[in-house]
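*Asks:* The sequence shown maps to residues 1 to 190 in the UniProt record's numbering.
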Amino acid sequence: MTSPPLIGIVVSSAREARFDEKHELWIHEIAKQRKDLAIELIDLCDHSLPFFDDPQSASSADQSRARQRWADRLAPIDGLIVVTPEYDQGTSAELKVAFDIAGQEIGRKPIGFVGYGGTGRAIEQLQLVAIELQMAPVRNAVHIGIAEFIGIWQQGKNFNDYPHLAQAAKALLDDIVWWAQALKTPRENI
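#1: Rounded to a whole number of angstroms, what is the C-alpha to C-alpha distance between Val177 and Lys35?
#2: Whole angstroms is fine: what's the gap from Ala169's alpha carbon to Asp161's?
#3: Shortest alpha-carbon distance to Pro163 belongs to which of Trp153, Gln154, Val142?
#4: Among the residues of its own chain, which have a CB less than 7 Å from the CB of Gln79, if the five just before and after it don't count?
#5: What does the alpha-carbon distance come out to for the pair Val97 and Thr91?
#6: Classify Ile190 as buried or exposed, calling it buried when 16 or more other Cβ atoms lie within 10 Å of its own Cβ.
#7: Check whether the Cβ atoms of Val83 and Leu44 sit closer than 8 Å, and answer yes or no.
#8: Evaluate Thr185 with the Cβ neighbour count: other Cβ atoms within 10 Å of its Cβ, from every protein chain shown; 16 or more gives buried, anything less gives exposed.
#9: Could you have a look at Glu86 and say whether DSSP puts it in helix, strand or coil?
#10: Less than 8 Å separating the beta-carbons of Gly107 and Gln125?
#11: Under a three-way DSSP split, which group does Asp72 fall into?
#12: Using 10 angstroms around the beta-carbon of residue 239, count the other beta-carbons present and answer buried if the total reaches 16, otherwise exposed.
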């Protein structure tokens, strides 16, 4: 029997007062209950990624140490779930840089999204970036809208108060597992 796919959950905001961790912990708890996948948490704050100081592209053989550590972190992952805020109708700069310097380690792997604070435009933007990086964005995503976000953040509610979010998370995880399994063998044979 083959081992379940290893899915990385990426916390993408590096702001000091970020809200990502609540969402990351929530999706992590749901994912841990499943037997058909393994989960690793990946926090962008744990990686000192170069912003503008790396003169080479991600496809260059001459990579900085920070970029190489990031690539090594992503290499064993079979798929990603990115927890992302929406800032100014887009994603966080840190996440975009992380994608830009990732290189071939993320290609031909599925990616899904848990978005909050508007979410639609950030997720759409990331889906386009993922396609350009030869990833396979899955159809289902979790959109934590403003009403849910404010309810959880400021009004004492929790994720259980919004059962549609758990349903969306299940659909997202189902998609990620299916695509991770479907793409693993062809990816390993390249």
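Glycine residues also receive a C-beta, built at the ideal position from the N, C-alpha and C atoms.
*Replies:* In this structure, then:
#1: 11 Å
#2: 14 Å
#3: Of the residues Trp153, Gln154, Val142, the one whose Cα lies closest to the Cα of Pro163 is Val142.
#4: One point to set straight first is that residue 79 is Gly, not Gln, in the sequence displayed. Cβ neighbours of Gly79 beyond the five flanking positions: Pro5, Ile7, Lys109, Pro110, Ile111, Ile176, Trp179, Ala180.
#5: 11 Å
#6: exposed
#7: no
#8: By the 10 Å Cβ count, Thr185 comes out exposed.
#9: coil
#10: Contact: no.
#11: DSSP places Asp72 in helix when its eight states are reduced to three.
#12: As displayed, the chain neither begins before 1 nor continues past 190, which places residue 239 out of reach and without an answer.
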